[in-house]
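Chemist: Pasting a structure below so you can have a look.
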Amino acid sequence: MANTETSLKEVTTSIEGVIGAALVDYTSGMALGTIGGGKDLDLSVAAAGNTDVVRAKLRTMEMLNLKDDIEDILISLSSQYHLIRLIKGRNNNGLFLYVALDKDRANLAMARHQLKRIETNLDV
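This is the structure:
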């Protein structure tokens, strides 16, 4: 099992085109760990904003009485992909991995595959 720091480092080394990544607690909107980002991507702001996205989708699924799990949420910008992967597991309720990718350098299918693998090894 990998901790937060190890998992975030693995995101940057195993996924091509990563701009920044965060592990976020969507009950509080706080980033538990971040890597990358910078002046063009404030990961604390992204964590809080994407918490609203996750909460809204969960509420909508509840209102629609959908008995299913969210694997990930994709937001496509003109130059970036923003990928939100909800963490499943006994100790990881209320968490998601957030990754911003450069659209020109990233392979979205491989990024989703790697995030799923990283998620299974994450223990917070």
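According to the UniProt record's numbering, the sequence shown is numbered sequentially starting from 1. We treat Cβ as the ideally placed atom computed from N, Cα and C, and that holds for glycine. Quantities reported herein were computed from a predicted structural model and do not represent experimental measurements.
With DSSP as the reference, label residue 117 as helix, strand or coil.
Modeler: helix
Chemist: Determine the direct distance from the alpha carbon of residue 61 to that of residue 67, and round the result to whole angstroms.
Modeler: One C-alpha to the other measures close to 8 Å.
Chemist: Counting beta carbon pairs with one atom in the segment 113-120 and one in the segment 96-104, are three or more of them shorter than 8 Å?
Modeler: yes
Chemist: Count the other CB atoms, across all protein chains shown, that sit within 10 Å of the CB of residue 24; report buried if there are 16 or more and exposed otherwise.
Modeler: buried
Chemist: How big is the Cα-Cα spacing for residue 93 and residue 22?
Modeler: 16 Å
Chemist: Among residues of its own chain, excluding the 5 on either side of residue 7, which ones have a beta-carbon nearer than 6 Å to its beta-carbon?
Modeler: Around residue 7: 118 and 122.
Chemist: Check each candidate in 47, 49 and 70 and name the one with the smallest Cα separation from residue 58.
Modeler: Selected option, being the one with the closest Cα: 70.
Chemist: Per DSSP, which residues does residue 85 bridge with? Please list them.
Modeler: 72 and 97
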